[in-house]
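These notes concern the structure reproduced below.
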Amino acid sequence: LGETLNFTISRSVDKQVCWETSSSVVSAKDEIYCAEGEEREVLMFLNSSMYGVFHLRFYENTVDGKQYYDEGRLELAVGRDTVKRSKAIILLFTIILAVALALMGLDIDLNIVWATFKRPIGPAVGMVC
């Protein structure tokens, strides 16, 4: 997400090769969806705003309309690239939570805890309600 994927289209000079996606969340950088001009190889850039698996289909613009390539279907999987960073953040929050719980436990007066175990009226009412 937020990063650009690129691919190269190799073609004959006289053909205009275009592509379209199966979803609207995958878009072309600078809204360029066709390779045309004098260059035989054109570098295309994609952006995606969601995770998932999407399909790209390639076609050629002709006078009869769009002529799709049979072998031109490409599967594009967009996923997270920084799993290590996610795991580090989860570990950090787990450690902070454990320290906070330990500090709250150190603040408890054991005489009050023992008195509650002798007469557990408050916890019993709480469990019933």
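Position 89, counted from 1, in the sequence shown is what the working numbering calls 95; the numbers after and before it change by one each time, with no gaps. Think of the CB as a built atom: it goes at the ideal place given N, C-alpha and C, for glycine as much as any other residue.
Backbone CA spacing between residue i and residue j [nearest angstrom]
i, j, result
"residue 49", "residue 70", "26 Å"
"residue 97", "residue 90", "11 Å"
"residue 106", "residue 114", "13 Å"
"residue 75", "residue 101", "54 Å"
"residue 27", "residue 95", "34 Å"
Beta-bridge partners of residue i, as assigned by DSSP
i, result
"residue 74", "65"
Residue i vs residue j beta-carbon contact at 7 Å
i, j, result
"residue 62", "residue 82", "yes"
"residue 55", "residue 31", "yes"
"residue 60", "residue 33", "no"
"residue 53", "residue 22", "no"
"residue 40", "residue 65", "no"
Range of the contiguous alpha helix (DSSP H) that encloses residue i
i, result
"residue 134", "127 to 134"
"residue 31", "Taken as a continuous stretch (DSSP letters only), residue 31 belongs to no alpha helix (DSSP H), as it is neither H nor E."
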